[in-house]
Amino acid sequence: PVELTARVNSAIKISEYHKQIVENKNNEIAEATLFLIRNNKFNIQLIKKLQELYDALENVNPEQENLFEFIISSIEEKVKEDSWQRFEIAFKSTNGDFEKNLLKDFPELSKTEMKLCTFLKLGMNTKDIASAMYISPDSVKVSRSRLRKKLHLDTSDNLSTFLSKY
9 PVELTARVNS
19 AIKISEYHKQ
29 IVENKNNEIA
39 EATLFLIRNN
49 KFNIQLIKKL
59 QELYDALENV
69 NPEQENLFEF
79 IISSIEEKVK
89 EDSWQRFEIA
99 FKSTNGDFEK
109 NLLKDFPELS
119 KTEMKLCTFL
129 KLGMNTKDIA
139 SAMYISPDSV
149 KVSRSRLRKK
159 LHLDTSDNLS
169 TFLSKY
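Structure below.
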């Protein structure tokens, strides 16, 4: 009885430790998601202001025009790459098998669709997904509809609930 009690207490402590690790990883994911959304919103505003500045300038020569286009496209490209990489690292540390398991059942999913699945698994709303993926909310709605078809789901099926199984 003493040894059994000790083993049960040890198992409980180990279980609590693992729960704490998962909770910490989930907090990291939430932080990375928030950073991604805020960063993308800031960069979208920055690009709009640059475009307004460009539109307000008179007699823009081709060299200046190329410079504005280069700056805007560089910001857009950097946002898409860096933000996702930081988020992906945090997500995979907790949900490492999600992508592998989902692709096993649905190998035709593209990288963009996998990103959408990741955000949907976390229960993010359309507006936040749009900001995180650097696309419009309408584009997210269209992407969700296409994803439903690829996953063989009806419109009544909840995507987040379906993806949480993976």
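Position 92 (the sequence shown) corresponds to 100 in our numbering; numbering is contiguous. Ideal Cβ positions, reconstructed from N, Cα and C, are used throughout, including at glycine.
Check: Tell me whether Y142 is buried or exposed, calling it buried when 16 or more other Cβ atoms sit within 10 Å of its Cβ.; Outcome: buried
Check: Relative to the C-alpha of L110, which residue among R15, M122, K100 is closest?; Outcome: M122
Check: Let me know the alpha helix (DSSP H) ranges lying completely inside the stretch 73-139, each 4 residues or longer, listed in chain order.; Outcome: 92-102, 106-113, 119-129
Check: For the 8 Å Cβ check, are there 3 or more pairs between the stretch 13-20 and the stretch 30-37?; Outcome: no
Check: If you draw a straight line from the C-alpha of S172 to the C-alpha of L42, how long is it?; Outcome: 20 Å
Check: Look up P145 in the DSSP assignment and say whether it is helix, strand or coil.; Outcome: helix
Check: Looking at the structure shown, is D63 part of a helix, part of a strand, or coil, going by DSSP?; Outcome: helix
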